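Asker:
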Amino acid sequence: MTTALVSCALGTVEVDLEEDEVVELHHEPFATEPPPAVDLPLVVAAAGHGSTVIAVVARRPPLVISNDGGTTWREAGAGLGRGVALAISPSHPDVVLYATVERLHLSRDGGRFWAALEVELPEITAVKLLGD
């Protein structure tokens with residue numbers, strides 16, 4: 154089961170990404186990894202795993218992805234809304250969770266293709282993918 158923790162106006166919500174449903178509501182906040190240093194303008198959030206770095210930027214498209222530690226970048230996520238948070242799976246680096254203010258989007262191929270989840274949550278501020 155792939156699960157994520159989502160910080161939102163309700164508190165911390167655990168979401169089963171396979172079943173696309175809320176599993177549990179926690180009242181404790183969760184710790185996130187410090188974001189990698191990204192020397193780009195308009196960065197809202199960033200996450201990294203190995204040499205892969207993905208940044209949410211305040212422009213269209215809302216993502217930039219580097220597979221060489223930030224030396225080169227490519228744009229991604231043309232169909233996604235304005236982002237507020239991002240997480241990369243600690244055990245499967247091609248699994249990426251992107252959050253807008255109320256909706257989660259999941260990629261299983263390193264950010265090339267995205268699927269919107271049905272779960273809607275108010276005022277999302279942070280996300281964390283949990284390892285298997």
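Once you know that position 72 of the sequence shown is 225 in my numbering, the rest is easy, because the numbers rise by one and skip nothing.
All C-beta atoms, glycine included, are put in the ideal place defined by N, C-alpha and C.
Owing to the predicted nature of the structure, the values given are computational and were not obtained by experimental measurement.
Going by DSSP in three states, Leu177 sits in which element: helix, strand or coil?
Answerer: In the sequence shown, the residue the question calls residue 177 occupies position 24. What sits at residue 177 in the sequence shown is Glu, not Leu. Looking at Glu177 - three-state DSSP - the assignment turns out to be strand.
Asker: Can you tell me whether Arg227 is helix, strand or coil according to DSSP?
Answerer: Locating residue 227 in the sequence shown gives position 74, where the first residue counts as 1. Strand, per DSSP.
Asker: Alpha carbon to alpha carbon, what distance is there between Thr253 and Leu163?
Answerer: Taking the sequence shown and counting its residues from 1, the one referred to as residue 163 is at position 10. Taking the sequence shown and counting its residues from 1, the one referred to as residue 253 is at position 100. The alpha-carbon atoms of Leu163 and Thr253 are separated by roughly 16 Å.
Asker: Could you tell me the boundaries of the beta strand (DSSP E) in which His202 lies?
Answerer: As a first step, residue 202 is located in the sequence shown; it is residue number 49 there, counting from the start. Counting along the chain, the beta strand (DSSP E) containing His202 begins and ends at 196 to 202.
Asker: Quick one: residues in its chain with C-beta nearer than 8 Å to the C-beta of Asp262, no 5 flanking neighbours on either side, listed in chain order?
Answerer: Counting from one through the sequence shown, the residue named residue 262 turns up at place 109. Contacts found: Asp247.
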